[in-house]
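Peer 1: The structure under discussion is supplied below as structure tokens; questions concerning it will follow.
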Amino acid sequence: MPGTLALAVAALLLAATLAFAVARPRGWPEAVFAVPAAGLLLAMGVLGTGEARAETTSLASTIGFLAAVLVLAELCDRYGLFEAAGDWMATGSRGRPVALLGLVFAITSVVTAVLSLDATVVLLTPAVLTTVARLRVRAKPHAYACTHLANSASLLLPVSNLTNLLAYKASGLSFERFGATMALPWVVAVGVEWVVIRRFFATDLVGHGEKGRLPRRPVPLFASSVVALTLAGFFVLSLLHVPPAFAALGGAVALGVPALARRRMALREVVVAVDVPFLAFVLALGLVVKAVAVHGLGSLVVHLLPAGTSFWALLGVAALAAALANAINNLPAVLLLLPAAALGGPGQVLAVLIGVNTGPNLTYVGSLATLLWRRTLRERGEQLETSEFLRLGALSVPAVLVASTVALWASLKLVR
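Every number in the numbering used here is 12 more than the matching position in the sequence shown, counting from 1.
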């Protein structure tokens, strides 16, 4: 097939795959369209079997980690970790909306960094909404904090986001070097989000909510300890050059075996938590993006990326990544950009990460996490205006993008 036609076919299927993932007609999983699309590209010869095999091998450890951390997060929920977090926010805020927002920021940032943004949007967001209802305060500031921090607060560790895992591998950095370099951008991103959301929802954060005595469940020490040990395991295994998927698997097994033995969770529910259709979607999407890249878009990206690690070069990389994420979703964007960014060194890879992680707060289609958050709110009966989402994103994304890039530029000078 001629290169131009092959690119057109691959691009068309990529657009259709993303459109299906956004709409999810009849609630069908994203894989329902993505897997046949990848198969069609293989059958038509647009993507060679060797290229598909190489891409599958490249994504295998990332998908393995994603499966393990999905189970780990679900088990944490079964042990009551997120309910306890909700109780802590309720009692700690004492019905004061600004104090509650501060606690939501603190807990959401930590959960996102340690258990990934999927845990934040799927498991922590319902706990936050329940807490808001108990305190009888306005939900909007706290609901928006969940989605904005699910994206922006996922900058810290390789395990915080699927995009991070891909960037971690491309950067060549160790786990601790990655975290050390991204610590300052992470703090700055969370700080800027606080300023913007606090001011944007100033009128919703006045007065007091329920001050009565609220029940408080104890923090599940076993689950908390396993999560802490799993996080430590990420660092230790990194020193041994072992993929982080094994630490996540260890944590899932440590929580899962007692949960199964005590019937806290059934084996069928563990299988459901793995979310095989979503894993298949990630792999299929990677293959579709690979087909687009090898037929011309990959070389175009190489020419578009600014060279070097000066502040302006890093800002250009981050801005391009953010624009691409909002155009075609952050996962395809990072798959397209990383091969070219890796040629420029770790600094450019991390600049891509700032763009694809903070940029998606601008539109619903920017990241799968934002789509999941929107679905979670609808299931809880919360209806938020699209215009409000866009206005908040227009204020926060440029500020976070620029401030985080400044922090990355400074961090690259400090962390040698």
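Quick reminder that beta carbons are idealized off the backbone N, C-alpha and C, glycines included.
(1) To the nearest whole angstrom, what separates the beta carbons of Leu297 and Ala46, a pair I think is in contact under 8 Å?
(2) Kindly list the residues whose CB is nearer than 6 Å to the CB of Gly107, restricted to its own chain and excluding five residues on each side of it in sequence; keep chain order.
(3) Starting from Thr321, trace the alpha helix (DSSP H) both ways and give me its first and last residue.
(4) By the DSSP assignment, the alpha helix (DSSP H) with Val269 in it spans what residues?
(5) Leaving out the 5 sequence neighbours to the left and right, which residues in its chain are closer than 6 Å to Gly15 when beta-carbon positions are compared?
(6) Express the C-alpha separation of Ala214 and Leu71 in angstroms, rounding to a whole number.
(7) Judging by CA-CA distance, which residue of Leu168, Ala273, Leu355, Ala55 is the nearest neighbour of Val313?
(8) Give me the Cα-Cα distance between Leu129 and Tyr376, rounded to the nearest whole angstrom.
(9) What number of angstroms, rounded off, separates the C-alpha of Leu365 from the C-alpha of Leu404?
(10) Could you say which of Arg36, Pro372, Ala363 lies nearest to Ala422 if we only look at CA atoms?
(11) Count the other CB atoms within 10 Å of the CB of Val288; is the residue buried (16 or more) or exposed (fewer)?
(12) With burial defined as no fewer than 16 other Cβ atoms inside 10 Å of the residue's Cβ, what is the status of Thr143: buried or exposed?
(13) Among residues of its own chain, excluding the 5 on either side of Val122, which ones have a beta-carbon nearer than 7 Å to its beta-carbon?
(14) Using CA coordinates, which residue listed in Leu326, Ile209, Val149 is at the minimum distance from Ser164?
(15) Taking 7 Å as the limit between beta carbons, can you name the residues of its chain near Thr29, skipping five residues before and five after?
(16) Measuring CB to CB, does Ala264 end up less than 8 Å from Val83?
(17) Leaving out five residues before and five after Ala305 in sequence, what residues of the same chain have Cβ atoms less than 7 Å from its Cβ?
(18) Under 7 Å Cβ to Cβ from Ala64, same chain only, skipping five residues before and after it: list those, please.
(19) Which of helix, strand or coil does DSSP assign to Asp287?
(20) Does the beta-carbon of Val361 have 16 or more other beta-carbons within 10 angstroms, so that it is buried, or is it exposed?
(21) Consult DSSP for Thr124 and reduce its assignment to one of helix, strand or coil.
(22) If distances are taken between C-alpha atoms only, which option among Val418, Asn373, Asn369 comes closest to Ala179?
(23) In terms of residues, what are the limits of the alpha helix (DSSP H) holding Met56?
(24) Once the 5 residues before and after Ala325 are set aside, which same chain residues still bring their CB inside 7 Å of it?
Peer 2: So, from the listed chains and residues:
(1) 5 Å
(2) Leu147, His220, Gly221, Glu222, Lys223
(3) Note, Thr321: premise wrong, no alpha helix (DSSP H); not H, not E.
(4) 257-273
(5) His307
(6) 43 Å
(7) Leu355
(8) 15 Å
(9) 21 Å
(10) Ala363
(11) exposed
(12) buried
(13) none
(14) Ile209
(15) Phe45, Ala46, Ala49, Leu297, Val300
(16) yes
(17) Leu348
(18) Leu54, Leu299
(19) coil
(20) buried
(21) helix
(22) Asn369
(23) Here Met56 belongs to no alpha helix (DSSP H), and DSSP marks it neither H nor E.
(24) Pro318, Ala319
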